[in-house]
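Visitor: In our numbering, the protein residues as written are 528 to 970. Think of the CB as a built atom: it goes at the ideal place given N, C-alpha and C, for glycine as much as any other residue. One structure is given below, represented as structure tokens, and several questions about it will come after.
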Ligand code: DLL
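Below you can see the structure in the form of structure tokens.
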């Protein structure tokens with residue numbers, strides 16, 4: 528049992544061996560796994576083999592961890608271009624689960640898992656829960672969406688593997704969330720941080736004092752949030768709010784997480800090899816410098832990812848930790864280097880909205896997406912220019928068009944948006960890259 532002073536009642540699980548290996552042991556394990564995964568990708572995935580061949584590389588050229596930089600990058604667009612199964616390195620018969628997430632166009636990207644991959648996912652989630660002091664006996668309300676999104680099932684099976692009691696409530700239906708939380712004695716909530724703020728505010732309106740509930744921890748991720756938001760949450764409730772990071776392409780949630788010390792997120796480096804590169808040049812950056820996180824999966828069978836460009840901006844965190852973990856830590860992710868934005872946990876690219884919009888007659892390719900947050904709930908307004916003829920049409924015709932646009936966008940990106948039609952030349956023209964997204968959310 529862990530003996531730290533800040534352990535939760537009942538104590539927390541000790542850091543399991545991969546979390547506190549000696550650095551030489553860890554590096555040796557990483558190298559062995561890197562060599563295996565590169566061989567697997569080279570042998571089974573034409574895209575990786577061709578790219579390595581173009582560089583005159585074979586798996587035998589990976590002799591040390593430093594050689595990782597010789598390997599070509601993988602991008603989200605590669606998943607789109609090989610949609611749906613082109614990057615799979617296992618036979619379909621060995622794949623036990625598929626998930627999907629938004630790509631840069633209407634098509635989702637598909638990710639796959641073998642039974643062994645699912646075991647690894649469960650194990651990193653168990654380690655993530657342990658980092659946050661969770662244990663058997665905790666009642667985990669999982670309000671991440673169940674379905675193709677990795678949040679729901681990732682947290683679900685991880686919490687079960689930990690031995691906790693899971694309430695698989697999924698997202699939405701706020702009043703019911705609050706009733707269940709109170710009546711079933713939830714001790715841990717898992718959802719996006721913005722949704723939890725909304726839950727807290729709604730509970731206040733319902734006359735429920737969150738501080739009177741047994742809720743003691745929250746595992747928040749899937750979207751950027753800030754220290755300010757952590758304080759907001761922690762002053763209104765009795766929970767400790769933890770940051771957890773992950774992405775579908777790598778595994779889902781469980782790539783990195785904070786521990787009770789909450790000074791950066793530990794990357795489960797024995798499965799996910801992290802690098803920080805200059806987002807413009809792709810060159811590795813010196814330790815401690817802020818840049819784009821690049822991840823290589825070290826044990827993934829169904830869909831290995833070699834040097835995947837996450838577009839998430841962070842830096843390695845240095846300095847001592849008192850939990851005994853030897854894994855490298857990354858700083859909280861505040862922004863991305865591309866134009867993807869995350870709304871209620873759903874990844875959205877402006878290009879998806881644009882495609883849905885421009886398929887409808889009368890719209891012009893000048894638009895802006897305005898994001899706001901009211902009572903913790905994200906709202907999206909798409910302002911779009913329409914032709915002068917449409918703009919001088921009847922109010923009824925304008926409303927009908929607005930409705931058609933809103934439905935088309937919702938069908939494409941799976942989120943409800945408000946559409947505002949504006950006259951030609953209303954939206955500011957940019958000299959360079961058009962600024963499509965105005966994010967007014969204070970996070
Ligand atoms: O959001 C997986 C996840 C589910 C993580 C639940 C944590 C909790 P995707 O839908 O593929 O997967 O989105 C991945 O979300 O590249 C980041 O830009 C962003 N993201 C995820 N976690 C965090 C976080 C899931 N803690 C994309 N802080 C990533 C900031 C995050 N951004």
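Considering only the beta carbon of each residue, do residue 818 and residue 842 sit closer than 9 Å?
Guide: By one-based count along the chain shown, residue 818 stands at place 291. By one-based count along the chain shown, residue 842 stands at place 315. Yes, they are a contact pair.
Visitor: Nearest-angstrom Cα distance between residue 670 and residue 624?
Guide: Counting from 1 along the chain shown, the entry for residue 670 is found at position 143. Counting from 1 along the chain shown, the entry for residue 624 is found at position 97. So the two alpha carbons sit approximately 21 Å from each other.
Visitor: Quick check on residue 596: buried or exposed, where buried means 16 or more other Cβ atoms within 10 Å of its Cβ?
Guide: In the chain shown, the residue the question calls residue 596 occupies position 69. By the 10 Å Cβ count, residue 596 comes out exposed.
Visitor: Helix, strand or coil for residue 774? Go by DSSP, reduced to three states.
Guide: The sequence position of residue 774 within the chain shown is 247, counting from 1. Reduced to three states, the DSSP call for residue 774 is strand.
Visitor: Is any heavy atom in the ligand PLP found nearer than 8 Å to the beta carbon of residue 641?
Guide: As far as ligands go, the structure on display features the ligand DLL and does not contain the ligand PLP.
Visitor: Pick from 718, 863, 709 and 601: whose alpha carbon is nearest that of residue 735?
Guide: For the purposes of this step, residue 735 is taken as residue 208 along the chain shown, with counting starting at 1. Ranking 718, 863, 709 and 601 by Cα distance to residue 735 puts 709 first.
Visitor: Using 10 angstroms around the beta-carbon of residue 644, count the other beta-carbons present and answer buried if the total reaches 16, otherwise exposed.
Guide: Counted from its first residue, the chain shown places residue 644 at position 117. That one is buried.
Visitor: From this set, 572, 695, 573 and 557, which residue's C-alpha is nearest residue 590's C-alpha?
Guide: Walking along the chain shown from the start, residue 590 turns up at place 63. The candidate whose alpha carbon is nearest that of residue 590 is 557.
Visitor: If you count every other CB in all the chains shown that lies within 10 Å of the CB of residue 901, and 16 or more means buried, which is it?
Guide: For the purposes of this step, residue 901 is taken as residue 374 along the chain shown, with counting starting at 1. That one is exposed.
Visitor: Expressed to the nearest angstrom, what Euclidean distance is found between the alpha-carbon atoms of residue 744 and residue 766?
Guide: The sequence position of residue 744 within the chain shown is 217, counting from 1. The sequence position of residue 766 within the chain shown is 239, counting from 1. Going by the C-alpha atoms only, they are around 5 Å apart.
Visitor: Check whether the Cβ of residue 774 lies closer than 8 Å to any heavy atom of the ligand DLL, and answer yes or no.
Guide: Locating residue 774 in the chain shown gives position 247, counting from the first residue. True, at least one ligand heavy atom lies under 8 Å from that Cβ.
Visitor: With burial defined as no fewer than 16 other Cβ atoms inside 10 Å of the residue's Cβ, what is the status of residue 962: buried or exposed?
Guide: As a working mapping, residue 962 is identified with position 435 in the chain shown. Its Cβ having fewer than 16 others within 10 Å, residue 962 is exposed.
Visitor: Should residue 721 go down as buried or exposed, given a rule of 16 or more other Cβ atoms within 10 Å for buried?
Guide: In the chain shown, the residue the question calls residue 721 occupies position 194. Per the 10 Å Cβ criterion, buried.
Visitor: Taking its Cβ as the centre, do 16 or more other Cβ atoms sit within 10 Å of residue 930, making it buried, or is it exposed?
Guide: Position 403 of the chain shown, counted from the first residue, corresponds to residue 930. Classification of residue 930: exposed, given that the 10 Å Cβ count is below 16.
Visitor: Using the three-state DSSP reduction, which class does residue 626 fall into: helix, strand or coil?
Guide: In the chain shown, counting from the first residue as 1, residue 626 sits at position 99. Strand, per DSSP.
Visitor: Quickly, what does DSSP pair residue 656 with across the bridge? List them, please.
Guide: Numbered from its first residue, the chain shown carries residue 656 at position 129. None; residue 656 has no bridge partner.
Visitor: Using DSSP's beta-bridge definition, name the partner residues of residue 690.
Guide: By one-based count along the chain shown, residue 690 stands at place 163. According to DSSP, which records beta bridges pairwise, residue 690 is partnered with nothing at all.
Visitor: Using a Cβ distance threshold of 8 Å, determine whether the segment 936 to 945 contacts the segment 756 to 765, with at least three qualifying pairs required.
Guide: With the cut-off at 8 Å, the segment 936 to 945 and the segment 756 to 765 do not touch.
Visitor: For the beta strand (DSSP E) containing residue 477, name the first residue and the last one.
Guide: In the structure displayed, the chain extends from 528 to 970; residue 477 sits before or after that span and is not available.
Visitor: Classify residue 572 as helix, strand or coil using the three-state DSSP reduction.
Guide: Along the chain shown, read from residue 1 onward, the residue named residue 572 stands at position 45. Reduced to three states, the DSSP call for residue 572 is coil.
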